[in-house]
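Visitor:
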Amino acid sequence: MKFRRLRLAGATVSALAVAWTASPVSAAAQTTPTPPAAPTVPTLTWSDCQNGFQCANAQVPLDYRDPQGRTLTLAVIRKPAADPSKRKGTLFLQPGGPGNSGVDFVRNNYADLPATLRDDFDVFGYDVRGVGRSSQVVCWDDPAYTRAVTAAKGVPGPDAYEPALQQAADFDQACQDNAGDLLPYVGTQYVARDIDLLRQALGEQQLTYYGRSFGSYIGTVYAAMFPKRVRALALDGAYDPEHYTNRPYAYDRPQYLALDGAMGRFLDWCKADQATCGFGDGDPRGAFEKLKADLDANPVPTANGGQANGYTLVYRLMFNINEGKVIWPSFGEALRKAQQRDNTSFLLRPPSPASFDFLNPNVVVECVDKKYPTDPALLKREVTTNARLAPLLGPAMAYGPPTYDHQHATACVQWKGEHTSRYAGNFHAKGSAPILVIGNTGDPDTPYQDAVALSRELDNGRLLTFKAEGHTAFGRSACASDAITGYLVDLKVPARGASCADETQPPSSTPTVAPPGTTLSELRNGVNERVDRIGSLR
Numbered sequence: 028m029k030f031r032r033l034r035l036a037g038a039t040v041s042a043l044a045v046a047w048t049a050s051p052v053s054a055a056a057q058t059t060p061t062p063p064a065a066p067t068v069p070t071l072t073w074s075d076c077q078n079g080f081q082c083a084n085a086q087v088p089l090d091y092r093d094p095q096g097r098t099l100t101l102a103v104i105r106k107p108a109a110d111p112s113k114r115k116g117t118l119f120l121q122p123g124g125p126g127n128s129g130v131d132f133v134r135n136n137y138a139d140l141p142a143t144l145r146d147d148f149d150v151f152g153y154d155v156r157g158v159g160r161s162s163q164v165v166c167w168d169d170p171a172y173t174r175a176v177t178a179a180k181g182v183p184g185p186d187a188y189e190p191a192l193q194q195a196a197d198f199d200q201a202c203q204d205n206a207g208d209l210l211p212y213v214g215t216q217y218v219a220r221d222i223d224l225l226r227q228a229l230g231e232q233q234l235t236y237y238g239r240s241f242g243s244y245i246g247t248v249y250a251a252m253f254p255k256r257v258r259a260l261a262l263d264g265a266y267d268p269e270h271y272t273n274r275p276y277a278y279d280r281p282q283y284l285a286l287d288g289a290m291g292r293f294l295d296w297c298k299a300d301q302a303t304c305g306f307g308d309g310d311p312r313g314a315f316e317k318l319k320a321d322l323d324a325n326p327v328p329t330a331n332g333g334q335a336n337g338y339t340l341v342y343r344l345m346f347n348i349n350e351g352k353v354i355w356p357s358f359g360e361a362l363r364k365a366q367q368r369d370n371t372s373f374l375l376r377p378p379s380p381a382s383f384d385f386l387n388p389n390v391v392v393e394c395v396d397k398k399y400p401t402d403p404a405l406l407k408r409e410v411t412t413n414a415r416l417a418p419l420l421g422p423a424m425a426y427g428p429p430t431y432d433h434q435h436a437t438a439c440v441q442w443k444g445e446h447t448s449r450y451a452g453n454f455h456a457k458g459s460a461p462i463l464v465i466g467n468t469g470d471p472d473t474p475y476q477d478a479v480a481l482s483r484e485l486d487n488g489r490l491l492t493f494k495a496e497g498h499t500a501f502g503r504s505a506c507a508s509d510a511i512t513g514y515l516v517d518l519k520v521p522a523r524g525a526s527c528a529d530e531t532q533p534p535s536s537t538p539t540v541a542p543p544g545t546t547l548s549e550l551r552n553g554v555n556e557r558v559d560r561i562g563s564l565r
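This note's numbering numbers the first residue of the sequence shown as 28 and each following residue consecutively.
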């Protein structure tokens, strides 16, 4: 096998023509087709893996059309309920992405979960297929990704489109060369089927689940496929599933606009409160545009021998702006340092191998899940329009190498792989228990209108609105965290039209430490790359 760390067992995959339908035969010989055998529920053999956590491996089908064929090994983790007398079952935690490790998500966030969740549930997570310890997808290796992001620009030139198209084609070919045997099977339909096997392996009759960002889409697909098996699903930073999978251009543009809108609101605050922000000398927007161009022309050497340029700045801003207003003063400080060519600025940390481990599956999963039109003229029109409508951060992403979410069109339109494991709908989840959908009005990553759309798409969805900047609500809003916890524990569904408005505001002067109860993203994504963290309100 050419892909990294894929662990397979069992017989060779049989001819796929005999998958879920029988081969055509003459009318005289026609018989009732024999359905494929059900996949085997994994046996989880738990062992201690430090600090009270237990780890195991789960064998699941590589291809659910051949459920008794080759298998793939998923890494799973749990921490048993802190109060066995209160135990209600297992809480699945699903991080964002695609590309973040669910094993790490549980380890890194367990201590910050509300005590009620830790008391009442075994807290469970796993690395989904193609991610982390579960056969990590690798298309570009670290040196190839390093070359690509080092050559990218914060202010691409007028002839940037064709090179971007070729670079995306090169990435796609590397995927086929290095991970081709795995690629068809990493889509979200198969992830949802894995979750249902894991639910059974854990002895749960129904699923209790918190998913954030892309984890919300995984939960949506699960509910659509297995609506009667839903106990409680909290979908935080939700996706519009119909746009995401079937109308991806309609999904991409709002994400460009949401990201640029969040950056614009930061710069407006910076102009209005120069004493706190301290960047821009009265014209932060102009200073930001100049800084991107200056860094492109004269990159800053980094401590490890690399270079930071305008693209580096955009890349860091794109992820760190998810924290919301609490990080705005640190943005001002980091932008001032970047102006001074001070490579200790967290905005001048080039993407590293930790980023690449996230970005490879991020692109691949979305290219499997989504069906873009193949018209090359439409692709060019959409990409160039997105760059024009989102001038602060959009051009660097639109014409950069394949990296994150909204700029996957150049790679996915040219994708030659199969879409075997995508889920195309519908997304109504008819007959499910109430499903809680959470959206932030100023979310730069999953726009608020996506949460509204999902709550309406679901037959039994209920929307909770967090009136705030930043991405996701759990751990960032005491109001939303209490509502989510009450729903997961006691199935209390917030009233229709419920909203929260308790976002931590920027202080009146630059803090020397993070405000109590928060951890600034510069300490999370700036240093630790794509470590997906739930904020602490304790």
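Cβ coordinates follow ideal geometry from the N, Cα and C atoms, glycine included.
Quantities reported herein were computed from a predicted structural model and do not represent experimental measurements.
Just reading off the beta strand (DSSP E) that residue 222 is part of, what are its end residues?
Guide: Looking up residue 222 in the sequence shown gives position 195. Taken as a continuous stretch (DSSP letters only), residue 222 belongs to no beta strand (DSSP E), being part of the alpha helix (DSSP H) at 215-228.
Visitor: Nearest by alpha-carbon distance to residue 283: which of 181, 142, 425, 299 is it?
Guide: Counting from one through the sequence shown, the residue named residue 283 turns up at place 256. Comparing Cα-Cα distances from residue 283 to each of 181, 142, 425, 299, the minimum goes to 425.
Visitor: Measure the C-alpha to C-alpha separation of residue 519 and residue 454 and round it to an integer number of angstroms.
Guide: Taking the first residue of the sequence shown as 1, we reach residue 519 at position 492. Taking the first residue of the sequence shown as 1, we reach residue 454 at position 427. Each residue's alpha carbon lies about 23 Å from the other.
Visitor: Do the CB positions of residue 143 and residue 516 come within less than 7 Å of each other?
Guide: Taking the first residue of the sequence shown as position 1, residue 143 is located at position 116. Taking the first residue of the sequence shown as position 1, residue 516 is located at position 489. Cβ distance < 7 Å, so residue 143 and residue 516 count as in contact.
Visitor: So residue 356 and residue 471 are in contact, right, with Cβ under 8 Å, and what is the actual spacing, rounded?
Guide: Taking the first residue of the sequence shown as position 1, residue 356 is located at position 329. Taking the first residue of the sequence shown as position 1, residue 471 is located at position 444. Rounded, the Cβ-Cβ distance is 17 Å, inconsistent with contact.
Visitor: How is the alpha helix (DSSP H) around residue 101 delimited, first residue to last?
Guide: Position 74 of the sequence shown holds residue 101. Not the alpha helix (DSSP H): residue 101 falls in the beta strand (DSSP E), residues 98-106.
Visitor: Where does residue 469 fall in DSSP's three states?
Guide: On the sequence shown, position 442 is the one that residue 469 refers to. It is a strand residue.
Visitor: What runs of the alpha helix (DSSP H), each 4 residues or longer, lie entirely inside the segment 497-529?
Guide: Correct list: 505-517.
Visitor: Based on Cα-Cα distance, which residue from 491, 164, 259, 306 lies nearest to residue 360?
Guide: By 1-based counting over the sequence shown, the position of residue 360 is 333. Nearest option by C-alpha distance: 306.
Visitor: Tell me whether residue 97 is buried or exposed, calling it buried when 16 or more other Cβ atoms sit within 10 Å of its Cβ.
Guide: Locating residue 97 in the sequence shown gives position 70, counting from the first residue. So residue 97 counts as buried.
Visitor: Should residue 396 be labelled buried (16 or more other beta-carbon atoms within 10 Å of its own) or exposed?
Guide: In the sequence shown, residue 396 corresponds to position 369, counting from 1. Residue 396 is buried by the Cβ-count criterion.
Visitor: State the start and end residues of the unbroken alpha helix (DSSP H) segment that holds residue 200.
Guide: In the sequence shown, residue 200 corresponds to position 173, counting from 1. Note, residue 200: alpha helix (DSSP H), 188-206.
Visitor: Going by C-alpha to C-alpha distance, which of 331, 343, 264, 176 sits closest to residue 290?
Guide: Indexing the sequence shown from 1 puts residue 290 at position 263. Measuring from the Cα of residue 290, the nearest candidate turns out to be 343.
Visitor: Per DSSP, what kind of secondary structure is residue 236 in: helix, strand or coil?
Guide: For the purposes of this step, residue 236 is taken as residue 209 along the sequence shown, with counting starting at 1. Strand, per DSSP.
Visitor: Mind checking residue 324: buried by the 16 CB within 10 Å criterion, or exposed?
Guide: Position 297 of the sequence shown, counting from 1, holds the residue named residue 324. With fewer than 16 other Cβ atoms within 10 Å, it is exposed.
Visitor: Beta-carbon within less than 7 Å of residue 218's beta-carbon, same chain only, minus the 5 sequence neighbours each way: which residues are those?
Guide: By 1-based counting over the sequence shown, the position of residue 218 is 191. Correct list, in chain order: 155, 156, 245.
Visitor: Considering only the beta carbon of each residue, do residue 125 and residue 388 sit closer than 7 Å?
Guide: Residue mapping note: residue 125 aligns to position 98 of the sequence shown, counting from 1. Residue mapping note: residue 388 aligns to position 361 of the sequence shown, counting from 1. Yes.
Visitor: Just the Cα atoms here: how many angstroms apart are residue 34 and residue 209?
Guide: Stepping through the sequence shown from its first residue, residue 34 is reached at position 7. Stepping through the sequence shown from its first residue, residue 209 is reached at position 182. Low local confidence applies: a pLDDT of 43 at residue 34 is under 50, so the model's placement there is unreliable, and no value is given.
Visitor: Within 10 angstroms of the Cβ of residue 73, are there 16 or more other Cβ atoms? Answer buried if so, exposed if not.
Guide: The residue given as residue 73 occupies position 46 in the sequence shown. Residue 73 should be labelled exposed.
Visitor: Where does the unbroken beta strand (DSSP E) through residue 88 begin, and where does it stop?
Guide: For the purposes of this step, residue 88 is identified with residue 61 of the sequence shown, where counting begins at 1. Where residue 88 is concerned, the enclosing beta strand (DSSP E) stretches over 81-88.
Visitor: What number of angstroms, rounded off, separates the C-alpha of residue 362 from the C-alpha of residue 84?
Guide: Reading the sequence shown from its first residue, position 335 is the one you call residue 362. Reading the sequence shown from its first residue, position 57 is the one you call residue 84. About 44 Å.
Visitor: What three-state label does DSSP hand residue 310 in the structure shown?
Guide: Taking the sequence shown and counting its residues from 1, the one referred to as residue 310 is at position 283. Looking at residue 310 - three-state DSSP - the assignment turns out to be coil, as it is neither helix nor strand.
Visitor: Give me the DSSP bridge partner(s) of residue 462.
Guide: Mapped onto the sequence shown, residue 462 falls at position 435. Looking at the DSSP assignment, residue 462 forms a beta bridge with 260, 488.
Visitor: With residue 66 and residue 88 assumed to form a contact (beta carbons below 8 Å), what rounded beta-carbon distance in angstroms separates them?
Guide: The sequence position of residue 66 within the sequence shown is 39, counting from 1. The sequence position of residue 88 within the sequence shown is 61, counting from 1. That belief holds up - the Cβ atoms of residue 66 and residue 88 are roughly 5 Å apart, short of 8 Å.
Visitor: Apart from the five residues just before and just after residue 420, which ones in its own chain have a Cβ nearer than 7 Å to its Cβ?
Guide: In the sequence shown, residue 420 corresponds to position 393, counting from 1. Result list for residue 420: 286, 287, 290, 341, 344, 345, in chain order.
Visitor: Going by the DSSP bridge assignment, what does residue 152 pair with across the sheet?
Guide: What you label residue 152 is simply residue 125 of the sequence shown in a count that begins at 1. In the DSSP output, where bridge partners are listed per residue, residue 152 has 104.
Visitor: In whole angstroms, what separates the C-alpha of residue 473 from that of residue 382?
Guide: Translated into positions along the sequence shown, residue 473 becomes position 446. Translated into positions along the sequence shown, residue 382 becomes position 355. Distance between the alpha carbons of residue 473 and residue 382 is about 20 Å.
Visitor: Examine the ligand NAD and report whether any of its heavy atoms sits within less than 6 Å of the Cβ of residue 452.
Guide: Because no ligand of any kind appears in the structure shown, any question about the ligand NAD cannot be addressed here.
Visitor: Rounded to the nearest angstrom, what separates residue 158 and residue 128 at their Cα positions?
Guide: Here residue 158 is taken as the residue at index 131 of the sequence shown, counted from 1. Here residue 128 is taken as the residue at index 101 of the sequence shown, counted from 1. Cα-Cα distance, rounded: 6 Å.
Visitor: Which same chain residues end up closer than 6 Å to residue 506 when comparing Cβ atoms and leaving out the 5 residues on each side of it in sequence?
Guide: Here residue 506 refers to the residue found at position 479 when the sequence shown is read from its first residue. Contacts found: 527, 529.
Visitor: Am I right that residue 491 and residue 461 are in contact with their C-beta atoms under 8 Å? What's the rounded C-beta distance?
Guide: By one-based count along the sequence shown, residue 491 stands at place 464. By one-based count along the sequence shown, residue 461 stands at place 434. 12 Å between Cβ atoms; not a contact.
Visitor: Note the first and the last residue of the continuous beta strand (DSSP E) segment covering residue 359.
Guide: Residue numbering aside, residue 359 sits at position 332 when the sequence shown is read from its first letter. Taken as a continuous stretch (DSSP letters only), residue 359 belongs to no beta strand (DSSP E), being part of the alpha helix (DSSP H) at 355-366.
Visitor: Nearest to residue 102 by alpha carbon, out of 379, 333, 385, 222?
Guide: Within the sequence shown, the letter at position 75 stands for residue 102. When each option's Cα is compared against that of residue 102, the closest is 222.
Visitor: Pull up the distance between the alpha-carbon of residue 457 and that of residue 301, whole angstroms please.
Guide: As a working note, residue 457 is residue 430 in the sequence shown. As a working note, residue 301 is residue 274 in the sequence shown. Computed Cα separation, rounded: 52 Å.
Visitor: Using 8 Å as the cut-off, can you tell me whether the segment 480-496 makes contact with the segment 325-336, which would need three or more C-beta pairs spanning the two stretches below that distance?
Guide: No, the segment 480-496 is not in contact with the segment 325-336.
Visitor: Take residue 116 and list the residues in its own chain whose beta-carbon comes closer than 7 Å to its own, dropping the five residues that flank it on each side.
Guide: Locating residue 116 in the sequence shown gives position 89, where the first residue counts as 1. 148, 231, 235.
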